[in-house]
Amino acid sequence: MSGVLQEAGSRGARRRAANAAENAASIARGRGFLRARTDGIALAALALLLSACAGEHTGAVLTPAAVTVPAEAPRTTGRERSASDADHAKLVASFGGEYRAPGALRLLTEVTDRLVKASDRPDQTYVVTLLDSPVVNAFALPSGRLYATRGLVALASDTSEIAAVLAHEIAHVTLSHASARTELELRSQLVSRVVADVLNDPATGAQLQSQSRFAIARFSRDQELEADGAGVRTLAKAGYDAFGAARFLTALSRTVALKAGSGGPGEPDMLATHPATTERIALVTRAARRIGAPGLGSDDRARYLAAVDGIAYGDDPGEGVVRGRRFVHPSLGIAFDVPDGFTIENTRNAVLGTTNEGSRRLLFDQVEAGSGQDLDAVLKATWNDALEAGSVENRTIAGRPGATALSRGKDWTFRLAAIRVGDTVFRMIMAAKGATDPDPAFRRWTGSLTTLNPDEARGLKPLRIQVLPAASESAEEMSRRMAVSDRALDRFLVLNGLEKGAALKVGQGYKVVVE
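If you're matching positions, the sequence shown starts at 1 in the working numbering and goes up one per residue.
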């Protein structure tokens with residue numbers, strides 16, 4: 001978590017949250033393979049946490065750094081190349097910078113070159129960039145730049161799986177999806193503007209604009225499915241296992257379910273830019289079966305594991321990590337205990353948490369406070385719903401100045417606190433579904449906030465992937481070596497593309513997470 005969450009008005013929050021999700025889902029029309037299914041978790045959790053009394057969403061909106069990229073750039077002038085390089089630098093910076101892993105980058109580049117030769121545009125040149133982000137994501141720009149996060153590289157189990165992701169992104173470029181979408185958007189904007197302004201019919205113009213949003217969403221989902229099908233064909237033509245796409249999408253779906261706490265990922269709404277993962281898995285599986293039986297192509301598993309051995313896993317410790325049941329943030333100099341039953345996710349702007357059944361949620365963030373501003377005033381200024389009369393209280397929390405309040409919404413009950421640590425004010429919110437007051441757990445959580453011991457901060461080490469040979473057939477035994485805070489067995493299985501009950505092959509390498 002870094003930065004400050006900007007507050008949104010209750011009536012406009014849903015629209016702005018949708019805009020933020022769209023920005024996160026299509027950086028510069030990059031048609032990301034995964035973004036809408038991953039970044040959306042944080043947005044959805046936050047929206048559910050901050051439900052307002054009238055049912056409107058209120059609270060924080062996560063807004064990524066703005067990046068603008070030309071829609072198409074098959075031939076560029078010196079000035080255009082300079083602008084493209086600047087956009088590339090902004091985009092890379094927004095994903096944590098480049099990640100230095102020469103072996104993994106070399107493999108990605110070689111795989112890309114092999115796929116391009118098998119694609120419909122073998123003359124296209126691509127440059128691959130590995131991003132220092134734990135988010136599972138990949139995307140391509142029409143200019144021929146391909147991006148993959150270290151989180152994605154860590155999740156894939158073999159070369160055919162990572163090749164499936166890259167083939168999907170290459171298909172977006174060869175099918176000119178970015179320019180087609182831009183043209184559709186411009187056309188829909190023009191029609192609605194003409195009707196509203198020239199024909200003086202604002203109501204019809206607004207209706208057409210609303211209809212065009214649904215059309216663009218359907219168009220975008222169709223693009224994803226088209227890229228999936230084309231990607232599988234390219235994958236097989238390049239000599240890789242055509243079923244790699246289905247395996248990776250299955251791993252992605254299981255990862256999303258782990259993040260969500262329980263159950264599978266939800267179906268997309270009508271404006272979602274990506275189809276449901278289950279729909280995509282079914283499509284790529286059918287496409288692979290039309291090509292041949294499983295195992296006909298290469299998966300290069302051993303080579304892939306050698307390339308990813310030692311790659312960083314999870315969050316950068318300097319930006320906040322969970323160790324055991326404790327959240328530690330060296331850059332902010334704070335730590336707190338994760339409440340019992342909660343699984344938390346550290347996003348760029350906030351720490352979000354939920355229980356497995358989804359009946360309780362939490363949020364921890366940093367808020368702006370004026371010089372000398374009372375903390376009860378901070379709570380009132382940063383919370384757009386009504387605070388219960390008489391509930392606002394200035395008091396000492398964990399030995400520091402603080403203020404607490406109670407807010408009751410239509411479906412949720414909220415406990416809020418603002419706590420001053422040095423010159424910084426942090427906000428802690430816990431929500432319980434229904435009329436249940438989460439105060440006891442909330443008091444334990446807020447009371448655990450502490451400044452970070454310098455020795456503890458220095459002792460934090462980043463997690464990394466290590467490939468170890470299995471000493472037995474037991475996946476549970478191997479999972480005990482995972483340095484994760486919860487559900488070690490489930491995470492080990494997902495990380496290695498294994499189903500529950502699967503027997504390991506003695507002596508074969510498997511990925512585990514270690515310090």
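Note that beta-carbon positions come from the ideal geometry of N, C-alpha and C, so glycine has one too.
Values in this document were obtained by computation on a predicted structure and should not be read as measured data.
Close Cβ partners of G509 (< 6 angstroms) along its chain, the five nearest in sequence each way excluded
Counting from one through the sequence shown, the residue named residue 509 turns up at place 509. These residues qualify, in order along the chain: L305, V467 and P469.
Continuous alpha helix (DSSP H) assignments of at least 4 residues falling wholly in the segment 419-447:
439-447
For my contact list, T446 and I397 are in at a C-beta cut-off of 8 angstroms; report their separation, rounded to the angstrom.
Along the sequence shown, read from residue 1 onward, the residue named residue 446 stands at position 446. Along the sequence shown, read from residue 1 onward, the residue named residue 397 stands at position 397. Sure, about 5 angstroms apart at Cβ, within 8 angstroms.
Locate the beta strand (DSSP E) running through D337, then write down its first and last residues.
The count along the sequence shown starts at 1 and reaches residue 337 at position 337. Its beta strand (DSSP E) spans residues I334 to D337.
Give me the residue from V425, S472, T285 and A238 with the minimum Cα distance to P294.
Walking along the sequence shown from the start, residue 294 turns up at place 294. Nearest of V425, S472, T285 and A238 to P294, Cα basis: T285.
Between the CA atoms of M482 and V321 - distance to the nearest angstrom
Indexing the sequence shown from 1 puts residue 321 at position 321. Indexing the sequence shown from 1 puts residue 482 at position 482. Computed Cα separation, rounded: 16 angstroms.
G497 versus A251, L225 and H329, residue with shortest Cα-Cα distance:
Residue 497 sits at position 497 when you count from the first residue of the sequence shown. With distances taken between Cα atoms, G497 lies closest to A251.
Helix, strand or coil for K511? Go by DSSP, reduced to three states.
Within the sequence shown, the letter at position 511 stands for residue 511. Of the three classes helix, strand and coil, the one that applies to K511 here is strand, per DSSP.
Measure the C-alpha to C-alpha separation of T404 and P454 and round it to an integer number of angstroms.
For the purposes of this step, residue 404 is identified with residue 404 of the sequence shown, where counting begins at 1. For the purposes of this step, residue 454 is identified with residue 454 of the sequence shown, where counting begins at 1. Cα-Cα distance, rounded: 29 angstroms.
Return the residue from the list A118, L235 and A104 that minimises the CA-CA distance to T147.
What you label residue 147 is simply residue 147 of the sequence shown in a count that begins at 1. This sequence places Tyr at residue 147; Thr is not what is there. Answer by Cα proximity: A104.
Per DSSP, cross-strand counterpart(s) of A148
As a first step, residue 148 must be located in the sequence shown, where it is residue number 148. Bridge partners of A148: L130 and A138.
Please say whether V127 and I170 have beta carbons closer to each other than 8 angstroms?
Indexing the sequence shown from 1 puts residue 170 at position 170. Indexing the sequence shown from 1 puts residue 127 at position 127. Going by C-beta atoms, I170 is not nearer than 8 angstroms to V127.
Opening and closing residue of the beta strand (DSSP E) in which I344 lies
In the sequence shown, the residue the question calls residue 344 occupies position 344. Looking at the DSSP string, the run of the beta strand (DSSP E) that includes I344 is F342 to N346.
Could you tell me whether the segment 429-448 touches the segment 486-496, where touching means 3 or more Cβ pairs closer than 8 angstroms?
No, the segment 429-448 does not touch the segment 486-496.
State the CB to CB distance for the pair I429 and L363, rounded to an integer number of angstroms; the pair is presumed to be in contact (CB under 8 angstroms).
Taking the sequence shown and counting its residues from 1, the one referred to as residue 429 is at position 429. Taking the sequence shown and counting its residues from 1, the one referred to as residue 363 is at position 363. Between I429 and L363 a beta carbon distance of about 5 angstroms is seen, short of the 8 angstroms cut, so the two are scored as contacting.
So I344 and G358 are in contact, right, with Cβ under 8 angstroms, and what is the actual spacing, rounded?
The residue labelled residue 344 in the question sits at position 344 within the sequence shown. The residue labelled residue 358 in the question sits at position 358 within the sequence shown. In fact, because the Cβ distance is near 14 angstroms, the residues do not count as touching under 8 angstroms.
Have a look at R360, P462, S472 and T159 and flag the residue whose alpha-carbon is nearest the alpha-carbon of G318.
Along the sequence shown, read from residue 1 onward, the residue named residue 318 stands at position 318. Measuring from the Cα of G318, the nearest candidate turns out to be P462.
How many angstroms separate the CA atom of K511 from the CA atom of M478?
By 1-based counting over the sequence shown, the position of residue 511 is 511. By 1-based counting over the sequence shown, the position of residue 478 is 478. Roughly 10 angstroms separates the two Cα atoms.
Can you list, in chain order, the residues of its chain with a C-beta nearer than 8 angstroms to that of G399? Leave out the 5 residues immediately preceding and following it.
For the purposes of this step, residue 399 is taken as residue 399 along the sequence shown, with counting starting at 1. Here the set comprises nothing.
Assign Q223 to one of two classes, buried (16 or more other C-beta atoms within 10 Å of its C-beta) or exposed (fewer than that).
One-based indexing of the sequence shown puts residue 223 at position 223. Counting the other CB atoms within 10 Å of its CB gives Q223 a total of 16 or more, which places it among the buried residues.
What's the C-alpha gap between Q124 and A118?
Numbered from 1 along the sequence shown, position 124 holds the residue referred to as residue 124. Numbered from 1 along the sequence shown, position 118 holds the residue referred to as residue 118. C-alpha separation (whole angstroms): 11 angstroms.
What does the Cβ neighbour count give for R361, buried or exposed, with the cut at 16 atoms within 10 Å?
As a position in the sequence shown, residue 361 is number 361, starting the count at 1. Its Cβ being crowded by 16 or more others within 10 Å, R361 is buried.
Alpha carbon to alpha carbon, how far is D411 from R233? Give it in angstroms, no decimals.
Mapped onto the sequence shown, residue 233 falls at position 233. Mapped onto the sequence shown, residue 411 falls at position 411. Cα to Cα, R233 sits roughly 48 angstroms from D411.
Would you call V136 buried or exposed, if buried means 16 or more other Cβ atoms sit within 10 Å of its Cβ?
Residue numbering aside, residue 136 sits at position 136 when the sequence shown is read from its first letter. Buried is the call here.
Can you tell me whether A293 is helix, strand or coil according to DSSP?
Position 293 of the sequence shown, counting from 1, holds the residue named residue 293. Residue state, collapsed to three classes: coil.
Whole angstroms are fine: how far does the CA of S448 sit from the CA of L130?
Sequence index remark: in the sequence shown, residue 130 carries index 130 (1-based). Sequence index remark: in the sequence shown, residue 448 carries index 448 (1-based). The alpha-carbon atoms of L130 and S448 are separated by roughly 37 angstroms.
Between L108, G151 and R221, which has its C-alpha nearest G96's C-alpha?
Reading the sequence shown from its first residue, position 96 is the one you call residue 96. The shortest C-alpha separation from G96 is found at G151.
Would the beta-carbon of T424 fall within 8 angstroms of that of Q373?
Position 424 of the sequence shown, counted from the first residue, corresponds to residue 424. Position 373 of the sequence shown, counted from the first residue, corresponds to residue 373. Q373 is positioned such that its CB atom lies no closer than 8 angstroms to that of T424.
What's the gap between the Cα of S331 and the Cα of T451?
For this step, residue 331 is matched to residue 331 along the sequence shown. For this step, residue 451 is matched to residue 451 along the sequence shown. Rounded to whole angstroms, S331 to T451 spans 11 angstroms at the Cα level.
With a threshold of 16 other CB atoms inside 10 Å of the CB of A89, please say whether the residue is buried or exposed.
Within the sequence shown, numbered from 1, the residue matching residue 89 stands at position 89. Its Cβ having fewer than 16 others within 10 Å, A89 is exposed.
Let me know the secondary structure DSSP gives S298 once reduced to three states.
By 1-based counting over the sequence shown, the position of residue 298 is 298. Three-state result, S298: strand.
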